[in-house]
Amino acid sequence: MIDYQDGEYHFYGEVADLGGQSRKGGAGGQGNLNFSIIKASGETYTQARDDLNRKSSRPVYLGALKVLIFTDRLAFQDVEEYLNRSRTQRNTRKSLKIITSADEPEDLLKAELDNASSVGLAIDNIQDNLMKEGSSFFVDIGDLLEALAVKKVGFLIPAMGVVDSHITLTGYTVFENGKKVGFIPQDQRRGVVFFLNPHGSFHYEVILNSNRYELDVTLNNKKITTMYADEELMIQIQMGFKAVLNYASTAQPVTIGDREALQRLLEEAVLQDIVQALDTSQKEYALDYLGIYRYFRAQHTGGDAITVLFIRQLTDRALLSECILKPLIARAAAGKTPPAEELLDRVLYVDHCALDDNPDAIDAYLLDGYTVLLGPWGGRYIVSDIKKIESKSIDSPELQYTLRGARDCFIENLDTNLSLIRYRIKDPRLKIAMLETGKRTRTSVAVVYIEDIANPGIVKDILQRIAKIRIDGIVESGELQKQILNSKWSLFPQTGIVERSDMACGALLEGKVIILVEGSGLGLIAPKVFHEFLISCDDIYDNKYLALLTKGLRFIALFLSITLGALYIAIISFHHDTLPSEYILTLAAMRANVPFNAFTGIVQLEIIVEIIRESLLRIPKKIGGAIGILGAIIIGQAAMASGMYSPLLLIIVSTELLASFMIPDYTLMNPFRILKVLMILLSAVFGLIGFTLGLCLIVTVIVSSNSFGVAYAAPSAPFNREDFLGKLFPDKSISPKRPNFLKTTDQTRIESDERKQ
Numbered sequence: 001m002i003d004y005q006d007g008e009y010h011f012y013g014e015v016a017d018l019g020g021q022s023r024k025g026g027a028g029g030q031g032n033l034n035f036s037i038i039k040a041s042g043e044t045y046t047q048a049r050d051d052l053n054r055k056s057s058r059p060v061y062l063g064a065l066k067v068l069i070f071t072d073r074l075a076f077q078d079v080e081e082y083l084n085r086s087r088t089q090r091n092t093r094k095s096l097k098i099i100t101s102a103d104e105p106e107d108l109l110k111a112e113l114d115n116a117s118s119v120g121l122a123i124d125n126i127q128d129n130l131m132k133e134g135s136s137f138f139v140d141i142g143d144l145l146e147a148l149a150v151k152k153v154g155f156l157i158p159a160m161g162v163v164d165s166h167i168t169l170t171g172y173t174v175f176e177n178g179k180k181v182g183f184i185p186q187d188q189r190r191g192v193v194f195f196l197n198p199h200g201s202f203h204y205e206v207i208l209n210s211n212r213y214e215l216d217v218t219l220n221n222k223k224i225t226t227m228y229a230d231e232e233l234m235i236q237i238q239m240g241f242k243a244v245l246n247y248a249s250t251a252q253p254v255t256i257g258d259r260e261a262l263q264r265l266l267e268e269a270v271l272q273d274i275v276q277a278l279d280t281s282q283k284e285y286a287l288d289y290l291g292i293y294r295y296f297r298a299q300h301t302g303g304d305a306i307t308v309l310f311i312r313q314l315t316d317r318a319l320l321s322e323c324i325l326k327p328l329i330a331r332a333a334a335g336k337t338p339p340a341e342e343l344l345d346r347v348l349y350v351d352h353c354a355l356d357d358n359p360d361a362i363d364a365y366l367l368d369g370y371t372v373l374l375g376p377w378g379g380r381y382i383v384s385d386i387k388k389i390e391s392k393s394i395d396s397p398e399l400q401y402t403l404r405g406a407r408d409c410f411i412e413n414l415d416t417n418l419s420l421i422r423y424r425i426k427d428p429r430l431k432i433a434m435l436e437t438g439k440r441t442r443t444s445v446a447v448v449y450i451e452d453i454a455n456p457g458i459v460k461d462i463l464q465r466i467a468k469i470r471i472d473g474i475v476e477s478g479e480l481q482k483q484i485l486n487s488k489w490s491l492f493p494q495t496g497i498v499e500r501s502d503m504a505c506g507a508l509l510e511g512k513v514i515i516l517v518e519g520s521g522l523g524l525i526a527p528k529v530f531h532e533f534l535i536s537c538d539d540i541y542d543n544k545y546l547a548l549l550t551k552g553l554r555f556i557a558l559f560l561s562i563t564l565g566a567l568y569i570a571i572i573s574f575h576h577d578t579l580p581s582e583y584i585l586t587l588a589a590m591r592a593n594v595p596f597n598a599f600t601g602i603v604q605l606e607i608i609v610e611i612i613r614e615s616l617l618r619i620p621k622k623i624g625g626a627i628g629i630l631g632a633i634i635i636g637q638a639a640m641a642s643g644m645y646s647p648l649l650l651i652i653v654s655t656e657l658l659a660s661f662m663i664p665d666y667t668l669m670n671p672f673r674i675l676k677v678l679m680i681l682l683s684a685v686f687g688l689i690g691f692t693l694g695l696c697l698i699v700t701v702i703v704s705s706n707s708f709g710v711a712y713a714a715p716s717a718p719f720n721r722e723d724f725l726g727k728l729f730p731d732k733s734i735s736p737k738r739p740n741f742l743k744t745t746d747q748t749r750i751e752s753d754e755r756k757q
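At position 369 of the sequence shown the residue is numbered 369 (full-length UniProt numbering), and the sequence of numbers has no breaks.
Structure (structure tokens):
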């Protein structure tokens, strides 16, 4: 319950102790719950809510509320602010019961309860019973917000109070612009309920020929239409009812004449209730709280109809009501249909509105979430952007987690991702080229670059490659990545992935291009050379000497991840004589009882390791780590105990696996998993010659490749001393210029007189 008194908001909360719930159920299946009353206050809603959380044993989750009560004092003050706070939680509050009460909070909380554990549950049961009977209606917060968005449209909230020590429905409170302006007593509610409950039902009593007849009248159907006649808005209301005779005080059978007379009298009684509800709404309060505005057809007097087209799931309905429907309704009485230009400039409250005359593009606009207005404008129509796409909130990075750096990452919403970049780079020369790809998905793709830094040739090449894509759909950046490769048979990635906004901004300042795809939480960096796949954000933010050490470790780990197993096979199978004699004896002792040769053992363990690796990717994250560690320990211990594999072989395979995890970008780790198989096969067939041949082949492929015209092995091949030092020490004080291999327009990123000596 929320009250407003002496300039402060007062919260009265009934909080259930779920731990003390009895198994013996009470009314409504709630069980015997223990409830405690918590009182809190504050000058604002936020302060009162914080005070409530401090006084309760656990935070009170608003979405878990069953009943919300506004006191009359708060209703006269304003409830709009609180309702607006609930705007984003509409889906979790569709079952929330909202009522008002003229009683003091303490009096309401002390009322006698009928088969309920608390006042809230008692009200909940009363509301449910009234709805089942059809003698009241349910109030949805979303409907109240919609009514607040349109002028002269009020709303009703059921009112309850203590009568004869019991809580009961007393009527309905009338609101305008979020404030109480009147009250409809419960004995005048029948016509109101017929408007607001599609299954409204009431008990009627009719006197005919001194006999009393009792009937149950239920609403069967309702149709409301609006039209213009003689420059006036006309509302036509049609309702169909079903009546069931329950009791007659006469013992005589009901004749056909009696039935016709009863029907006539009953129609008059029902019509009187409906007319009374309309008169109260239109004359006494001049408010449309009966919901007739929902059937209004936006049409200008003496003019042509304006048709509003939109897809409900893709449109922000609150903005639609506030920024389009409300202005159109307000303009309806002003005269004939205005020109499209006038609507754009003076009527519609939407920042992104435009005129179009291509009839074939209407479907595309609607499917993209736009709202289209059709009118008598010579084949032209208005397109407005009030789309609303549900997406998750910004979260911490998962693939590119580091000890330092930003904790925000890209999500599936393209506008949010672009805002993260603009938040960090406040440069007017930051350019965003928007493209559309995919014949059926029509996916938006953003190519982001800094105009006076990025190489224009690279930007043009990327834009052309994306524009040439001919495919049904692109739903993730990985599909786009494969479509813009230099060669479809390329093994190594030519674009990097980026999940973190700070890494994306760093790449832009380096002269790179960022590609973002609508619906994907991973962006692409282009171009990207081999050395950069081994750079982490920690290298940039931490001490440069530590960065040099960790980068060296990554190169060593990369080398070990593809060579350890192959080198072991080559030496054991072909060149064991190259080892010192004491090592040979130790190896011989370890392998004395091993049933498999080196090649078979390596292959078997590599298969087991890959199975474990893939399994960890498919199981839930919270249990994946524990299962992975447990599985590795059990399998390793069992392999050792069985004598099927030597301890050295287990060490080699485990070291290869751990070494592969040191690669910061998993898109480079995957190709080397494939190359490891190639190295093992070559070493098993040709020994050290095959091992050397495999290394030479890998180096040749890397050196001969390029990424959007940039040498893949740069700055090592071709060698450039400044660029090499820049990659070795990612410190702007050591490397004040941008990489030469990118051929950026602006090479200088730090002035010489600002360099630290």
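Yeah, the Cβ is synthetic: ideal placement off N, Cα and C, and Gly gets one too.
Whole angstroms is fine: what's the gap from residue i's alpha carbon to residue j's?
i: Q127; j: A269; result: 26 Å
i: I572; j: K468; result: 52 Å
i: A598; j: I698; result: 23 Å
i: L463; j: V447; result: 8 Å
i: Y545; j: I734; result: 12 Å
i: I274; j: G191; result: 4 Å
i: R90; j: Q313; result: Legend: pLDDT at R90 = 49, less than 50; position of this residue unreliable, value from coordinates given subsequently. Distance between the alpha carbons of R90 and Q313 is about 15 Å.
i: L414; j: Q188; result: 52 Å
i: I37; j: S56; result: 9 Å
i: T371; j: E342; result: 18 Å
i: V475; j: F691; result: 40 Å
i: A504; j: V701; result: 28 Å
i: T681; j: I652; result: It should be noted that the sequence gives Leu, not Thr, for residue 681. Their backbone Cα atoms lie some 16 Å apart in a straight line.
i: F137; j: E322; result: 25 Å
i: S716; j: A507; result: 20 Å
i: V244; j: T168; result: 26 Å
i: V217; j: S201; result: 5 Å
i: I141; j: L83; result: 7 Å
i: T100; j: P428; result: 53 Å
i: Y9; j: G120; result: 20 Å
i: L290; j: H203; result: 21 Å
Just to confirm before moving on: does the CB-CB distance between residue i and residue j stay below 9 Å?
i: G457; j: K676; result: no
i: E451; j: R738; result: no
i: L96; j: L65; result: yes
i: T655; j: L549; result: no
i: L366; j: F410; result: no
i: A566; j: M662; result: no
i: I1; j: P158; result: A small fix is needed here, since residue 1 is Met in this sequence, not Ile. Against a cut-off of 9 Å, the Cβ pair of P158 and M1 comes out as no contact.
i: P327; j: L348; result: yes
i: L558; j: A659; result: yes
i: D351; j: P493; result: no
i: E80; j: G178; result: yes
i: L287; j: V459; result: no
i: D3; j: T46; result: no
i: I569; j: A639; result: no
i: T748; j: P736; result: yes
i: Q236; j: T250; result: no
Strictly under 9 Å for the Cβ-Cβ distance: is residue i near chain C by that measure?
i: D461; result: Checking the listed chains, one finds no chain C in this structure; it contains a single protein chain.
Under the assumption that residue i contacts residue j (Cβ atoms under 8 Å), give the Cβ distance between them as a whole number of angstroms.
i: Y381; j: D356; result: 6 Å
i: P595; j: M644; result: 6 Å
i: A526; j: F708; result: 6 Å
i: V139; j: G154; result: The Cβ separation is near 13 Å, so there is no contact.
i: G496; j: T667; result: 7 Å
i: E499; j: P397; result: 5 Å
Original post:
Are three or more beta carbon pairs between the region 472-486 and the region 502-518 nearer than 8 Å?
Top reply: yes
Subject >> Whole runs of the alpha helix (DSSP H) within the region 578-614, excluding any shorter than 4 residues >> reply: 581-590
**OP:** Report yes or no: do the region 194-208 and the region 254-269 share at least 3 C-beta pairs separated by less than 8 Å?
**Re:** yes
Original post:
Are the region 107-115 and the region 153-162 touching by the rule of at least three beta carbon pairs closer than 8 Å?
Top reply: Using a Cβ-Cβ distance cut-off of 8 Å, the region 107-115 and the region 153-162 are in contact, since at least three pairs of beta carbons, one from each stretch, lie closer than that value.
Subject >> the region 527-543 contacting the region 402-422, beta-carbon criterion three pairs below 8 Å >> reply: yes
Subject >> Minimum length 3: unbroken beta strand (DSSP E) runs contained in the region 107-186 >> reply: 155-163, 166-176, 179-185
Original post:
Where in the region 335-423 do unbroken runs of the alpha helix (DSSP H), each at least 4 residues long, occur, reported from the N-terminal end onward?
Top reply: 362-367
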